[in-house]
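Peer 1: Numbering (this note's numbering), first residue to last: 870 to 1193. For glycine and all other residues, C-beta sits at the position ideal for the given N, C-alpha and C. Have a look at the structure that comes next, please.
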């Protein structure tokens, strides 16, 4: 009976991974979580149900055998682990591309070895495998799941993170098709909300920097925002819904970073939020229900106002932002 409810979460101690673990424990699953060597998992051990239903294992993404044991006997796999940074990598191939692509292959090869039990794989992809896509602008329509990031554009403009996510996802779909693996991908936009993990993750840093007057427009990296709990709920929903398939954009609307900044300034007038006078994502077509495929599955998105407020309170509680 217990084996029927066992799942694996890679990257279990990161921002999104931690919330997925929490959501799964709340639903009664036994969770086998893997995490990068040398990173902390202390915050996971205090989650309700963790004492009896959470097993944690170190796993290097580049270790071909690291995921065999954690995935063995599982009915579902949530692959979250992938390097993400706001800083420009010194060696993009070594720091981003290899871990993203080969790590995904290592996880899926472990899934193939446990094909008798694994019903579905849910991969945390990103809007970064949807955009940047310069050719989409000519369509004059909101970005949707049929858009793919332009690999050559990324190479020409040193957009290494989108390149890593795109190459990893393409490799995953190819492997899944050849090996008969039931797989879906979730594509979060800029993900914010309460921090469960001790450190600051890249997407949360976007909001924190904005609150501190950063003029960064986010350029090709912004499509909208989403509450981290919605991202976790979307993953579980996609796993548990039999007819779920393909790619799912996970964002509470599409809009420019300029408009997000205006909303943050309205909600947080005590902070020096940067205000943009020009479009930050020229040509981006706004859309309220951009995540229609997830909405049709039954996901109800939390208001962006809630995501911002939850994130700000968490920043203050973690000493990342002065209370004002």
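So what does residue 1057 bridge to, in DSSP terms?
Peer 2: Position 188 of the chain shown holds residue 1057. 1119, per the DSSP bridge assignment.
Peer 1: Mind checking which residues open and close the alpha helix (DSSP H) that includes residue 1152?
Peer 2: Translated into positions along the chain shown, residue 1152 becomes position 283. Here residue 1152 belongs to no alpha helix (DSSP H), and DSSP marks it neither H nor E.
Peer 1: Excluding the 5 residues flanking residue 1093 on each side, which residues of the same chain have their C-beta closer than 6 Å to its C-beta?
Peer 2: Looking up residue 1093 in the chain shown gives position 224. Counting only Cβ-Cβ distances below 6 Å, and skipping sequence neighbours, we find 1058, 1120, 1122, 1123 and 1124.
Peer 1: Write down the C-beta distance between residue 912 and residue 1066 rounded to the nearest angstrom, noting that I regard them as a contact closer than 8 Å.
Peer 2: In the chain shown, residue 912 corresponds to position 43, counting from 1. In the chain shown, residue 1066 corresponds to position 197, counting from 1. Yes, they are in contact, since the Cβ atoms of residue 912 and residue 1066 sit about 6 Å apart, within 8 Å.
Peer 1: Look at residue 1035 and residue 998 and say whether their C-beta atoms are less than 7 Å apart.
Peer 2: The residue you call residue 1035 lines up with position 166 of the chain shown. The residue you call residue 998 lines up with position 129 of the chain shown. For residue 1035 and residue 998, yes; Cβs fall inside 7 Å.
Peer 1: Return helix, strand or coil for residue 1133, following the three-state DSSP convention.
Peer 2: Position 264 of the chain shown, counting from 1, holds the residue named residue 1133. Three-state result, residue 1133: helix.
Peer 1: What three-state label does DSSP hand residue 889 in the structure shown?
Peer 2: For this step, residue 889 is matched to residue 20 along the chain shown. The answer is helix: DSSP assigns residue 889 an H, G or I state.
Peer 1: Along the chain, where does the alpha helix (DSSP H) containing residue 1044 start, and where does it finish?
Peer 2: Numbered from its first residue, the chain shown carries residue 1044 at position 175. From DSSP, the alpha helix (DSSP H) with residue 1044 extends over 1029-1048.
Peer 1: Enumerated in chain order, which unbroken segments of the alpha helix (DSSP H) with a length of 4 residues or greater are wholly contained in the segment 988-1029?
Peer 2: Within the segment 988-1029, the complete alpha helix (DSSP H) runs of at least 4 residues are 1020-1025.
Peer 1: Pick from 944, 1146 and 981: whose alpha carbon is nearest that of residue 1084?
Peer 2: Your numbering for residue 1084 matches position 215 in the chain shown. Here the closest residue by C-alpha is 1146.
Peer 1: According to DSSP, which residues form a beta bridge with residue 899?
Peer 2: Working through the chain shown from its first residue, we reach residue 899 at position 30. Note: residue 899 sits in a beta bridge opposite 875.
Peer 1: Report the rounded CA-to-CA distance for residue 908 versus residue 1141, giving the unit in angstroms.
Peer 2: Reading the chain shown from its first residue, position 39 is the one you call residue 908. Reading the chain shown from its first residue, position 272 is the one you call residue 1141. When rounded, the distance between both Cα atoms is 33 Å.
Peer 1: Figure out for me which residue from 1051, 957, 990 and 921 has the closest Cα to the Cα of residue 877.
Peer 2: Taking the first residue of the chain shown as position 1, residue 877 is located at position 8. Selected option, being the one with the closest Cα: 990.
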